[in-house]
């Protein structure tokens, strides 16, 4: 079983990204379980979402405390709290223009970075002040975790209809993610 935990802020599409990824994995005949963790917070408040993926039925019904992968949509949240519990050797995927090696001091993790802000701004997703980075980050996550890009694009197309901006962002995130040393 693979467990992922997503961290971001309200308005960045954290919950929606988890839903899209879950639906794309269902198309790959995987068992999935996803859940958001947020209250009645306003835009900009911290949001988490959890996703489990397995080849067999999933019976666990608890939050994910020791994920195999943590996806960070906003580094201003404090990296120490978001990496809490990440398994040694697990993937840390960060929305950042920086190189993965610059984050090695965070712990014994495999690091990947993608400049999802730049991708979202280039495709006019969100605003200059608040780019919506979820689809670019999803593309990066699919590449890092070995999930199908085709299924992810298909579900993204279903979700956003004729608006190709998010499809382009998924593809760009997939192609532009920088993988650190394993």
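In my numbering, the protein residues as written are 181 to 362.
Every residue gets a Cβ at the ideal spot worked out from N, C-alpha and C, and that includes glycine.
| Asked | Found |
| --- | --- |
| Contact between the segment 253-263 and the segment 347-362 (3+ Cβ pairs under 8 Å) | no |
| Given residue 226 as reference, the closest of 210, 337, 193 and 211 once Cα atoms are compared | 193 |
| Alpha carbon of residue 279 to alpha carbon of residue 361, nearest angstrom | 11 Å |
| Beta-carbon spacing of residue 196, residue 314 below 8 Å | yes |
| Contact belief for residue 270 with residue 249 at Cβ below 8 Å, rounded distance in angstroms | 6 Å |
| CB of residue 321 within 8 Å of CB of residue 251, strictly | yes |
| Three-state class that DSSP yields for residue 293 in the structure shown | strand |
| Collapsed DSSP secondary structure at residue 335 in the structure displayed | helix |
| Check whether residue 299 and residue 316 have beta carbons under 8 Å apart | yes |
| Run of the beta strand (DSSP E) containing residue 343, from where it starts to where it stops | Neither: residue 343 is in no beta strand (DSSP E) and is coded neither H nor E. |
| Selection from 272, 203, 234 and 243 that minimises the alpha carbon distance to residue 330 | 203 |
| Helix, strand or coil at residue 284 according to DSSP, with G and I counted as helix | helix |
| Residue 274 (DSSP reduced to helix, strand or coil) | strand |
| Beta-carbon proximity of residue 233 to residue 182, cut-off 8 Å | yes |
| Under the three-state DSSP convention, the category residue 250 falls into | strand |
| Distance, residue 312 Cα to residue 306 Cα | 5 Å |
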